[in-house]
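Protein chains: 2
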Amino acid sequence: MSNDIRTVVVIGCGVIGMGWAVLFLSQGLKVIITDPAEGAEARFEQYLQDAWPLIAAPEEFDSLSKNYDFVHDVGPRLKEADFVQENGPERVDWKTELFETLDKHTRKGVVIASSSSGLPSSKFVGRCQTDPSRVLIGHPFNPPHLIPLVEVVPHPGTSQTSIQTALGFYRSLGKKPILLRQEIPGFVSNRLQAAINNEAYSLISRGIVSAEDLDAAVTSGPGLRWALTGPIATNALGGGGGPEGFGNRIERLGSAIRGWEEDMLKHRFDWNQESLATLQDQAKKSLQDVDWPNMVAERDAVLLKLLNVKSDAPSMAWIV
Amino acid sequence: MSNDIRTVVVIGCGVIGMGWAVLFLSQGLKVIITDPAEGAEARFEQYLQDAWPLIAAPEEFDSLSKNYDFVHDVGPRLKEADFVQENGPERVDWKTELFETLDKHTRKGVVIASSSSGLPSSKFVGRCQTDPSRVLIGHPFNPPHLIPLVEVVPHPGTSQTSIQTALGFYRSLGKKPILLRQEIPGFVSNRLQAAINNEAYSLISRGIVSAEDLDAAVTSGPGLRWALTGPIATNALGGGGGPEGFGNRIERLGSAIRGWEEDMLKHRFDWNQESLATLQDQAKKSLQDVDWPNMVAERDAVLLKLLNVKSDAPSMAWIV
Chain A
1 MSNDIRTVVV IGCGVIGMGW AVLFLSQGLK VIITDPAEGA EARFEQYLQD AWPLIAAPEE
61 FDSLSKNYDF VHDVGPRLKE ADFVQENGPE RVDWKTELFE TLDKHTRKGV VIASSSSGLP
121 SSKFVGRCQT DPSRVLIGHP FNPPHLIPLV EVVPHPGTSQ TSIQTALGFY RSLGKKPILL
181 RQEIPGFVSN RLQAAINNEA YSLISRGIVS AEDLDAAVTS GPGLRWALTG PIATNALGGG
241 GGPEGFGNRI ERLGSAIRGW EEDMLKHRFD WNQESLATLQ DQAKKSLQDV DWPNMVAERD
301 AVLLKLLNVK SDAPSMAWIV
Chain B
1 MSNDIRTVVV IGCGVIGMGW AVLFLSQGLK VIITDPAEGA EARFEQYLQD AWPLIAAPEE
61 FDSLSKNYDF VHDVGPRLKE ADFVQENGPE RVDWKTELFE TLDKHTRKGV VIASSSSGLP
121 SSKFVGRCQT DPSRVLIGHP FNPPHLIPLV EVVPHPGTSQ TSIQTALGFY RSLGKKPILL
181 RQEIPGFVSN RLQAAINNEA YSLISRGIVS AEDLDAAVTS GPGLRWALTG PIATNALGGG
241 GGPEGFGNRI ERLGSAIRGW EEDMLKHRFD WNQESLATLQ DQAKKSLQDV DWPNMVAERD
301 AVLLKLLNVK SDAPSMAWIV
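In the order they appear, the protein sequences are chains A and B. Counting in the working numbering, the first sequence runs from 1 upward without gaps. Counting in the working numbering, the second sequence runs from 1 upward without gaps.
Written as structure tokens, this is what we have:
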């Protein structure tokens, strides 16, 4: 099915929708976009010009980048869709109504994916009368045209065919989709981030380290490794490598790790007003001298170089 | 003081000690190394040849890399030390005895740093009779010659002068030292890793994702960002950037995050035999087809390129 996807409907063209649309266009797809916000179309035109050179050849700009229609009323165009990517507000009532419409007017078998990071699709398929089994979450990572990760999260009634179509389609775009076998709050990547953030907030608000040093502890340490090998492979390398390396590390360090975890549990960041005030004060202090526009531009440039360097490392292909 | 450091004594020449010694030599320092293990000197010679091209100019190999003495009895050489980096076994009795000797025979004001990741120095300074205030932890990240992070952890009696000397010395080697203001179990980087690992172990052992997809969720998602911006700066960017970005994100997402955290707490990885067996089985399955020697070589190559790319991004200097 993913080979047959030629036209994608993008619902909602904020930061996430714009990123998806640019990616789809750069891959030669036809895109039909809708967003009711004032000025949305002009913003997208500007975004397209800025983002294009990051992910596609400049000489393809004329041939590919114009292959979209920005429409006011998407209803009559839904029949053209081979795939739908929804990026609207995170409101159950709004999404329920929208998905009823999408389900009613798209062709049979067309997958309808939501970029939602907060709402599992079981919450808003209740009024899909034609075929709720083609609805799922395809949660990208910001910005969607640069970061490869897409979390595919089926609801209990999503069909295997729809799951495979979505995985195949995202892969065909050069993305790295992962499959969650079950809906859980925060999905995977937000939970992993919440885990590290909670400990970071705790250490800063307790005065153990400055916010600046906390950030450096990641960017100059484990963060460098997590860009290349995930937690499990990193653990296995720490245990001497090989498929037994993971178990070896657990055996050697397990009791020490459990000791750290106990202490961390005892000192969990508790979100009370005082801790929050200290944390925000420290964060502000650390970030006040940052040259934001230049830093963001450089971050994107370094990120692209990192992705290129990784794609040249064939033995790492399984983890890239 | 850090400018006056010309000779470093390296106690213990396993993986960590070897990494430190290569780094010290590449920076033009004289190194006195001791390790009682059979074959340690030959292993170091080999390591030096393999690691040198990664961090130093080949044409400097002849002039700098030979500037070390591998000695059986370090006692008579301790007077020469301007700095001591200890990398021995993680045993309190062993370190207590060693640090008594180091304190007795090194010159006044010389900082004695331990690479210990598990033992805070308050546990083993008890018999230092000359000056325990120059003892601290200087915990590197493996491999020490490639990863910039060094965690400097004073004990309650460590002097400000010693702290500043250690921070300055590590910085002069191109490292990124961070300062912990207090001894805590696991220091900072191991706690942050334990936080993410616990959630990873839980998600895999519960069958929510495969180990392979869990790793991809990091290496293709947040791991790419953590190599460049730490948790606090990443949060601030997620909140729209600027020094107010961090607070904006907390305000917008705080209650969602607390919901994820509650669910994570409820499902914490509990280290019981059954969960551990499932986890290890899944890890093995994910890692069985990895070409380990090639993957490790490529990982190091990509890591070096990443560090080079980062060092060319001046606006990010504050977080690199």
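Glycine is no exception: its CB is placed at the ideal position from the N, C-alpha and C atoms. Treat the numbers as computed from the prediction; the structure is a model and nothing was measured.
Practice task
Name the residue from B:Asn198, B:Gly238 and B:Gly207 whose alpha carbon lies nearest to the alpha carbon of B:Asp281.
Solution key: B:Gly207
Handout entry: Neighbour-count burial assignment, B:Pro143, 16 or more Cβ in a 10 Å radius
Key = buried
Practice task
Flag B:Ser121 as yes if its beta-carbon sits less than 8 Å from any beta-carbon of chain A, otherwise no.
Solution key: no
Exercise for the section: Tell me whether B:Thr234 is buried or exposed, calling it buried when 16 or more other Cβ atoms sit within 10 Å of its Cβ. Expected result: buried
Problem - Interfacial residues, the stretch 121 to 150 of chain A to chain B, with Cβ spacing under 7 Å - result: Phe141, Ile147, Pro148 and Leu149
Problem - Distance between A:Thr219 and A:Tyr47 (C-alpha atoms, nearest Å) - result: 29 Å
Practice task
Determine, using beta-carbon pairs with one atom in the stretch 238 to 246 of chain B and one in the stretch 255 to 266 of chain A, whether at least three such pairs fall under 8 Å.
Solution key: no
Exercise for the section: Say whether chain A places a C-beta atom closer than 8 Å to the C-beta of B:Gln273. Expected result: no
Handout entry: Length of the line joining the Cα atoms of B:Leu276 and A:Met316
Key = 26 Å
Exercise for the section: Assign B:Trp260 to one of three DSSP states: helix, strand, or coil. Expected result: helix
Exercise for the section: Would you check if the distance between the CB atom of A:Val152 and the CB atom of A:Ile163 is smaller than 8 Å? Expected result: yes
Handout entry: For B:Ile11, the residue or residues it bridges with in DSSP
Key = B:Thr34 and B:Glu86
Problem - Minimum C-alpha distance to A:Val188 - residue among B:Pro222, B:Val188 and B:Val125 - result: B:Pro222
Practice task
Check the Cβ of A:Asn235 against every Cβ in chain B and list those closer than 8 Å, keeping chain order.
Solution key: Asn197 and Ala283
Exercise for the section: Verify the CB distance criterion: does A:Val320 have a CB-CB separation below 8 Å to chain B? Expected result: Any reading at A:Val320 must be qualified, since the residue scores a pLDDT of 44, below 50, and its modelled position is unreliable; the value itself is stated next. By this cut-off, A:Val320 is an interface position.
Exercise for the section: Grab me the residues of A:Asn248's own chain with a C-beta within less than 7 Å of its C-beta, minus the 5 sequence neighbours each way, in chain order. Expected result: Gly239 and Gly240
Practice task
Determine, using beta carbons only, whether A:Leu23 and A:Ile55 come nearer to each other than 8 Å.
Solution key: yes
Handout entry: For A:Pro89 and B:Glu60, the rounded distance between their alpha carbons
Key = 59 Å
Exercise for the section: Can you grab the Cα-Cα spacing for the pair B:Phe169 / B:Ser114, in whole Å? Expected result: 14 Å
Exercise for the section: Evaluate A:Lys310 with the Cβ neighbour count: other Cβ atoms within 10 Å of its Cβ, from every protein chain shown; 16 or more gives buried, anything less gives exposed. Expected result: buried
Exercise for the section: Identify which residue in A:Leu303, A:Asp312 and A:Ala313 has its Cα closest to the Cα of B:Ala313. Expected result: A:Leu303
Practice task
Within its chain, find whatever has a CB closer than 7 Å to the CB of B:Glu199; leave out the 5 residues flanking it on each side and keep chain order.
Solution key: Met264
Exercise for the section: Under the assumption that A:Phe246 contacts B:Ala283 (Cβ atoms under 8 Å), give the Cβ distance between them as a whole number of angstroms. Expected result: 4 Å
Problem - Bridge partners - A:Pro140, DSSP secondary structure assignment - result: A:Val150
Practice task
Check each residue of the stretch 294 to 318 of chain B: if its Cβ is closer than 9 Å to any Cβ of chain A, include it; give the result in chain order.
Solution key: Asn294, Met295, Val296, Ala297, Glu298, Arg299, Ala301, Val302, Leu303, Lys305, Leu306, Leu307, Val309, Lys310, Asp312, Ala313, Pro314, Ser315, Met316 and Trp318
Problem - chain A within 8 Å of B:Met1, Cβ atoms only - result: Model confidence at B:Met1 stands at a pLDDT of 49, short of 50, so the residue's coordinates are unreliable; what they give is reported in the following sentence. B:Met1 does not count as touching chain A.
Problem - Listed by chain order, chain A residues near B:Leu48 by CB distance under 7 Å - result: Residues of chain A passing the Cβ test: none, with the nearest at roughly 21 Å.
Practice task
List the residues of chain E that A:Ala256 touches, going by C-beta distances under 8 Å, in chain order.
Solution key: Chain labels in this structure do not include chain E; the protein chains are A and B.
Practice task
Below 7 Å CB to CB, which residues in the same chain sit around B:Glu214 once its five sequence neighbours on both sides are set aside?
Solution key: First, the amino acid is wrong: residue 214 of chain B is Leu here, not Glu. These residues qualify, in order along the chain: Ala200, Leu203 and Ile204.
Problem - Proximity of B:Asn67 and B:Val31 at Cβ, strictly below 8 Å - result: yes
Practice task
Apply the 10 Å Cβ neighbour rule to A:Gln160 and answer buried if 16 or more other Cβ atoms are within range, or exposed otherwise.
Solution key: exposed
Problem - Nearest candidate by alpha-carbon position, reference B:Pro231, set A:Ser26, A:Lys108, A:Phe269 and A:Ile196 - result: A:Ile196
Exercise for the section: Please say whether B:Ser121 and B:His155 have beta carbons closer to each other than 8 Å? Expected result: yes
Problem - Beta carbon proximity, B:Val209 to chain A, threshold 8 Å - result: yes
Problem - A:Leu179 (DSSP reduced to helix, strand or coil) - result: strand
Exercise for the section: Look at the alpha carbon of A:Thr96 and the alpha carbon of A:Leu179, and state the distance between them as a whole number of angstroms. Expected result: 23 Å
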